[in-house]
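Taking our numbering, the leading residue of the sequence shown gets 411, the next gets one more, and so forth. Backbone N, C-alpha and C fix where the C-beta goes; we use that ideal spot for every residue, glycine too. Accompanying notes for the structure given below.
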Amino acid sequence: MPEIRKDIKNILVVRNDRFGEFLLNIPAFRALKETYPQAKLIAAVNPYVKELAVCIPYIDEILEWPAGDHDFLEKFDLILRLKERNIDAVLILNPTRQWHLISYFAGIPIRAGYDRKMGFLLTDKIKDDKNLGARHEVYSNLEIAGLIGAYTEDKTLSINIEPKEADGILRKFKVDPEDTLFAVHPWTSDPVKEWPLDNFIGLVKKINSYANGKILIIGRREEVHRSFPIFGWMNDVVIDFTGRTSLRELGALLKRCKFLVSGDSGPVHLACTVGTPVLAIFRNDIAGKGPKRWGPWGDKNVVVEGATLSAITVDEVFECLRKSFL
């Protein structure tokens with residue numbers, strides 16, 4: 411274990427991609443704050459993730475920086491701002507040439523990350539073998555934090571979101587506070603990770619016929635055109651929340667649910683973070699996209715996996731769900 415560097419006062423952690431990936435850094439944030447309680451912890455995040463980042467108690471300040479490349483003036487301005495902040499260490503948890511260059515030209519003394527995409531600009535680095543999918547993303551993030559001596563015994567995901575934050579949207583959809591709620595998320599950001607939609611429809615019907623509760627269909631605004639024609643008219647037991655919530659409202663909503671069923675997606679990690687059990691459906695034939703790396707974090711979750719998603723049947727998923735959560 412590298413030694414703790416007592417002179418560190420300002421730490422920048424860069425993870426400005428999607429919200430699910432960001433949430434898997436919570437144990438690393440905790441390790442940094444426990445090891446360096448006197449240091450200010452600044453998180454560089456995608457702007458849309460800010461509403462979740464502010465709910466993580468280990469983060470002292472948010473730096474908004476959209477994913478993707480930026481023009482020269484934007485990068486130059488950020489370099490000047492970072493110089494003014496006297497950042498002592500930067501941890502780049504998702505390797506990009508852009509952030510390696512920015513950190514180098516900002517003169518940040520300790521630059522930790524993966525030896526990839528101009529990794530020679532880093533002072534402390536590990537091999538990037540995440541594409542092999544040999545371990546969970548949480549462990550990879552903790553290893554980067556460990557490059558500056560940060561460590562924690564507590565590797566759980568947690569966030570400060572209260573169930574009552576969903577009261578308004580539940581009232582809007584006439585959901586009784588005493589209702590038992592089940593969440594289903596049929597979509598993913600990558601089509602190769604998506605269980606067939608007809609299977610999700612069949613699963614929703616099975617849950618509806620077996621369990622006494624309301625089924626909440628969740629998803630992004632981009633999925634409304636797919637969701638509403640299927641789920642938007644079903645009945646007052648199946649309620650389509652697709653595109654209707656903020657991320658923070660979604661977290662509060664999930665916290666009130668008995669379980670979430672989903673493919674590999676951000677809501678899986680959000681549900682784990684708020685303590686809701688997850689049944690996740692994964693293909694396991696692509697190592698870097700498999701459940702060993704991206705599966706739900708925590709011991710009360712279950713994964714149904716197969717070499718192809720189409721080979722995973724509705725009955726197989728429902729039986730696992732019934733035995734685990736119903």
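{"Check": "Can you name, in chain order, every residue of its own chain whose Cβ lies under 8 Å from the Cβ of Lys485, other than the five neighbours on each side?", "Outcome": "Gln508, Leu511, Ile512"}
{"Check": "Rounded to whole angstroms, how far is the Cβ of Thr820 from the Cβ of Leu422, which I believe are closer than 8 Å?", "Outcome": "Residue 820 lies beyond the stretch modelled for the chain, which goes from 411 to 736, so this question has no answer here."}
{"Check": "Name the one or two DSSP bridge partners that Val455 has.", "Outcome": "Glu474"}
{"Check": "Can you tell me the Cβ-Cβ gap for Gly653 and Arg630, rounded? I've got them flagged as a contact below 8 Å.", "Outcome": "6 Å"}
{"Check": "Are Asn496 and Asn570 close, meaning C-beta to C-beta below 7 Å?", "Outcome": "no"}
{"Check": "Compute the distance between the beta-carbons of Leu719 and Trp605, then report whether it is under 7 Å.", "Outcome": "yes"}
{"Check": "Can you list, in chain order, the residues of its chain with a C-beta nearer than 6 Å to that of Asn694? Leave out the 5 residues immediately preceding and following it.", "Outcome": "Gly700, Glu715"}
{"Check": "Ignoring anything shorter than 4 residues or poking outside the segment 684-717, list the alpha helix (DSSP H) runs there in chain order.", "Outcome": "701-704"}
{"Check": "Between the segment 589-599 and the segment 661-681, can you find at least three pairs of beta-carbon atoms closer than 8 Å?", "Outcome": "yes"}
{"Check": "Give, in chain order, every unbroken run of the beta strand (DSSP E) that is at least 3 residues long and sits entirely within the segment 516-568.", "Outcome": "520-524, 534-536"}
{"Check": "Taking the C-alpha atoms as reference points, what is the distance between Asp650 and Ile466?", "Outcome": "28 Å"}
{"Check": "CB-CB under 7 Å to Phe515, same chain, minus the five flanking residues each way: which ones, in chain order?", "Outcome": "Ile489"}
{"Check": "Could you name the residues of the same chain whose beta carbon sits closer than 8 Å to that of Thr533, not counting the 5 residues immediately before and after it, in chain order?", "Outcome": "Pro519, Ile520, Arg521, Ala522"}
{"Check": "Out of Ser619, His635, Ala576, which has the shortest C-alpha to C-alpha gap to Val647?", "Outcome": "Ser619"}
{"Check": "Any C-beta of chain D sitting closer than 7 Å to the C-beta of Pro447?", "Outcome": "The structure shown has no chain D; it contains just one protein chain."}
{"Check": "Assuming Asp738 contacts Lys537 under a Cβ cut-off of 8 Å, what Cβ separation, rounded to an integer in Å, is found between them?", "Outcome": "Coverage of the chain is limited to positions 411 through 736, which leaves residue 738 absent and any answer about it impossible."}
{"Check": "Please identify the residue among Phe530, Ile628, Tyr446, Leu731 whose C-alpha is closest to the C-alpha of Asp417.", "Outcome": "Tyr446"}
{"Check": "With distances taken Cα to Cα, identify the nearest neighbour of Lys603 among Arg491, Gly705, Leu580.", "Outcome": "Gly705"}
{"Check": "Count the other CB atoms, across all protein chains shown, that sit within 10 Å of the CB of Arg440; report buried if there are 16 or more and exposed otherwise.", "Outcome": "buried"}
{"Check": "For the beta strand (DSSP E) holding Lys665, just list the boundary residues, first then last.", "Outcome": "Careful: Lys665 lies outside any beta strand (DSSP E), inside the alpha helix (DSSP H) at 657-665."}
{"Check": "Near Glu413, which residues of its chain fall below 7 Å by C-beta distance, leaving aside the five closest residues on each side in sequence?", "Outcome": "Gly559"}
{"Check": "Is DSSP giving Asp577 helix, strand or coil here?", "Outcome": "helix"}
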